[in-house]
Structures are given as C-alpha cells and as structure tokens.
Amino acid sequence: MNAHPEMVEKFSPYLDAELPPADEAAFESHLEDCDACRASWTEFADALALVREVPRHRLPASFGRRVLARTRGERRRRLVRVQELLPFGPAEVGLGLVVLAAAAAAAVLLLAH
Amino acid sequence: MRQTGGAMAADTPDPDVLVDRARRGDERAFAHLLRLHQNRVYDLLVRMLGDRAEAEDVAQEVFVAFHRALPAFRGDSRVSTWLFRIAKNHCLNRLKYRGRRGEGQHVELDALDRAGAEGPETPERTLERAQVNERVQAAIAALPEEQRLVLVLRDIEDLSYEEIAAVLEQPEGTVKSRLHRARLALARRLAGAGEENAS
Chain A
6 MNAHPEMVEK FSPYLDAELP PADEAAFESH LEDCDACRAS WTEFADALAL VREVPRHRLP
66 ASFGRRVLAR TRGERRRRLV RVQELLPFGP AEVGLGLVVL AAAAAAAVLL LAH
Chain B
1406 MRQTGGAMAA DTPDPDVLVD RARRGDERAF AHLLRLHQNR VYDLLVRMLG DRAEAEDVAQ
1466 EVFVAFHRAL PAFRGDSRVS TWLFRIAKNH CLNRLKYRGR RGEGQHVELD ALDRAGAEGP
1526 ETPERTLERA QVNERVQAAI AALPEEQRLV LVLRDIEDLS YEEIAAVLEQ PEGTVKSRLH
1586 RARLALARRL AGAGEENAS
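Protein sequences, first through last, are from chains A and B.
For the first sequence, the residue numbers in the numbering used here are 6 to 118.
For the second sequence, the residue numbers in the numbering used here are 1406 to 1604.
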C-alpha cells in the first residue's frame, strides 16, 4: 500500500517543526497506525539526515589573496579613469585647494570687519 | 541552535559596521567579510556546479561583483542574503552557459566526499561514510537546478525560509513547495540507490 498523499504533504512542515501542535500530534498518531506512511516517513527523514551531515567544502587559504589582488586592480583602474576625465592633474588640484582656502580665509576676514 | 546568517562568533564585529567600512574602501573590513562568508558561498557553488575548480572560479567572480556593488548596498537585507543572491545569479548563468555548450551536469566526487568527516575512525567506517557522501552528492546533483538550489540553501547551508525567499526572489510559499518536492525526489533516489547497492 502507498503512503497517504495528505500525510506525505506534511513531511516537510513536520521536519521543520512548522505544524501546529494539534496537527503534529495527529501526524504522529497516524504514523503509529499506518505502516506505509511510517516507512515513507523513515525514508524521507533518513535521507535528510544524510544530507545535513555531508562535510562542507572549504576554500584554500590563497583564495582571499587572489580576490583582494583583483579588487585592488579594479580600484586602481577606476581611479585612473577618474583622473583621465579631469582636465587637470593632482598638482593642479593641490594648487586649487590652496587658492580656495585663501579665498575662504579672506571672506571670513571681510565678514568679521 | 540554528544559525541562519553566517557563522558569527561573539567577538566578530557587527556586520553592518563591516559593510559600512568596506563601502568606504576599508580593505581590511572587506577581507573580514570575505573570510566570514567565502566557504558557505563556495560550498553552495560546489553543490550546484559539481566541480571544485569551476566553483572556485565562480566564487572569485561573486566576491569581485560583491566588492563592485558595495556602494549600492542599502542595508535592507543581510549581507549573507545579498551574497547568496549574487552567487545564485552567477551560478545559474554558468549553468545556462554550460547548457548552451551542450555540457551536462558535472558530478565530480572529490577527495572531501571520499574522505568523509574528520576524526579518528576505523578504515571500514571511513569507507562506508565516504560511499554515503558520494551517493548523497550524486542524488543532489541529479535534482533539477531549481530544486537543487533550494535544497542546498535550506538543508546544507541552513538558511531560513525567509532568507531563501529573499535570495531566490520568490514568495515563501513557492520556496516551501519546491523544497518539499526536492526532498521527496532526493529521498526516493537515495532509497532506490540503497536497494541497488544491497542487491
């Protein structure tokens, strides 16, 4: 005899403890009485127990270094692209900042008077 | 206790703080995020692609994409969810590419699956465990892509339904029914394989 389809539908919610308490009790008492559903549930639960026990794969220690080498390269390329778009270089930026600071200081002095 | 969002030890910095620092170009913070999440992402990719070298290659792409997208991260989901979503997209693209090239599913049963879990064991027990791991990996690999993905996220990577729904960008109801079908198919296959081995 095959397992009852409406019981098979409850296998995952039961496994994940998502059944309301009354349904959970009904499910358990059905399993006690129905050989087909019990056999089917055992097959299901055993399979999932095996899946949850599989050893996890781990990356070699060099993985992080390789990713960081790539992200560093990307950041450098982005900076170069930004500099290429600007009509002036870093020296001009420095000079611009000095001029701006001087103008700000002058403005503060004027306002103070 | 069920952990759903990456292995967070008590002395681990707050993930939000790490992301914020990484976004502002702090390489050490990015390296920390990398170390926290790299093995879970990689394990998912090995299970999905069945090939360690290819999984490592895709894992690199995932973390480079993650780094590139960091400035756009708004913090409305967990970092792990966001990373798994990037991994899912890269993985499905790789499988699509393989499909176009007419390549089937790779089932590489590597040294880890053969070796089984760590610890002192008798050679017989080690061999038995290794055979079981091989059967499990083959049964996972035989599932259709969408079912495989949801099963690995839930039953191996231990994500909550809510988190899986966010990774897959699907309603929780869809996730639950897909997972249930995947589990049933896997149980049938493993039971069948057991009978074949016994006969």
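No residue lacks a Cβ here, since even glycine has one placed at the ideal position from N, Cα and C.
These figures come from a predicted structure and were not determined experimentally.
If you measure between the beta carbons of residue i and residue j, is that distance less than 8 Å?
i          : j          : result
A/Arg-61   : B/Asn-1444 : yes
A/Gly-69   : B/Ala-1436 : yes
B/Leu-1450 : B/Ala-1470 : no
B/Leu-1438 : B/Ala-1427 : yes
B/Ala-1571 : B/Ser-1482 : yes
B/Leu-1423 : B/Phe-1489 : no
B/Ala-1544 : B/Leu-1591 : yes
B/Leu-1500 : B/Glu-1551 : no
B/Ile-1561 : A/Val-59   : yes
A/Ala-41   : A/Ala-8    : yes
B/His-1486 : B/Glu-1577 : Inspection of the sequence shows that residue 1486 of chain B is occupied by Thr rather than by His. Taking 8 Å as the Cβ cut-off, B/Thr-1486 and B/Glu-1577 do not qualify as a contacting pair.
B/Met-1453 : B/Leu-1554 : yes
Should residue i be labelled buried (16 or more other beta-carbon atoms within 10 Å of its own) or exposed?
i          : result
A/Ala-52   : buried
A/Ser-45   : buried
A/Val-113  : exposed
B/Ala-1492 : buried
B/Thr-1527 : exposed
B/Asn-1538 : buried
B/Arg-1505 : exposed
A/Met-6    : exposed
B/Gly-1521 : With a pLDDT of 44 at B/Gly-1521, under the threshold of 50, the modelled position of that residue is not reliable, and no figure is offered here.
B/Gln-1408 : Note on B/Gln-1408: pLDDT 46, under 50, position unreliable in the model; no value is reported.
B/Gly-1507 : exposed
B/Val-1446 : buried
A/Tyr-19   : buried
B/Pro-1418 : exposed
A/Ser-67   : exposed
A/Thr-47   : exposed
B/Leu-1595 : buried
A/Pro-10   : exposed
A/Leu-4    : Since the first residue of chain A shown is 6 and the last is 118, residue 4 of chain A is not available in this structure.
A/Leu-105  : exposed
B/His-1472 : buried
A/Leu-115  : exposed
A/Ala-54   : exposed
A/Val-56   : buried
B/Ala-1434 : buried
A/Gly-99   : exposed
A/Asp-28   : exposed
A/Arg-63   : exposed
B/Gly-1455 : buried
A/Asp-38   : exposed
B/Leu-1532 : exposed
B/Val-1541 : buried
B/Val-1484 : buried
A/Ala-110  : exposed
Name the two residues that bound the continuous alpha helix (DSSP H) containing residue i.
i          : result
A/His-62   : Counting along the chain, A/His-62 falls outside any alpha helix (DSSP H), and DSSP gives it neither H nor E.
B/Cys-1496 : 1484-1505
B/Asp-1431 : B/Asp-1431 -> no alpha helix (DSSP H), and no H or E assigned at all.
B/Val-1572 : 1566-1573
A/Asp-38   : 26-38
B/Asp-1462 : 1457-1474
B/Asn-1538 : 1528-1546
A/Phe-16   : 16-20
B/Glu-1508 : First-last for B/Glu-1508: undefined, no H or E at that position.
B/Val-1555 : 1550-1556
A/Pro-10   : 10-13
Sorry if obvious, but does the Cβ on residue i come closer than 7 Å to a heavy atom of the ligand SAM?
i          : result
B/Asp-1462 : With respect to the ligand SAM, the structure offers nothing, as it holds no ligand at all.
Rounded to the nearest angstrom, how far is the Cβ of residue i from that of residue j, given a contact under 8 Å?
i          : j          : result
B/Arg-1534 : B/Leu-1556 : Not quite, the Cβ-Cβ distance comes to about 21 Å (not below 8 Å), so this is no contact.
B/Leu-1584 : A/Ser-17   : 6 Å
B/His-1495 : B/Glu-1461 : Contact doesn't hold; Cβ gap of about 12 Å is too wide.
B/Gly-1480 : B/Asp-1431 : Going by Cβ atoms, the distance from B/Gly-1480 to B/Asp-1431 rounds to 16 Å, so no, they are not a contact pair.
*Which residues, taken in chain order from the region 40-52 of chain A, show a beta carbon closer than 8 Å to some beta carbon of chain B?*
Glu-48, Phe-49, Asp-51 and Ala-52
*Mind checking the region 9-20 of chain A against chain B and listing, in chain order, the residues whose C-beta falls within less than 9 Å of any C-beta there?*
Val-13, Glu-14, Phe-16, Ser-17, Pro-18 and Leu-20
*asked:* Can you pull out the residues from the region 61-72 of chain A whose beta carbon lies closer than 7 Å to at least one beta carbon of chain B?
replied: Arg-61, His-62, Arg-63, Leu-64, Phe-68, Gly-69, Arg-71 and Val-72
*Below 9 Å between beta carbons is the criterion; list the residues of the region 1487-1506 of chain B that meet it against any residue of chain A, in chain order.*
none
_Residues, ordered as in the chain, of the region 1569-1592 of chain B that lie near chain A by beta-carbon distance below 8 Å_ = Lys-1581, Leu-1584, His-1585, Arg-1588, Leu-1589, Leu-1591 and Ala-1592
*asked:* Under 8 Å, CB to CB, which of the residues in the region 1468-1480 of chain B have a partner in chain A?
replied: Phe-1468, Val-1469, His-1472 and Arg-1473
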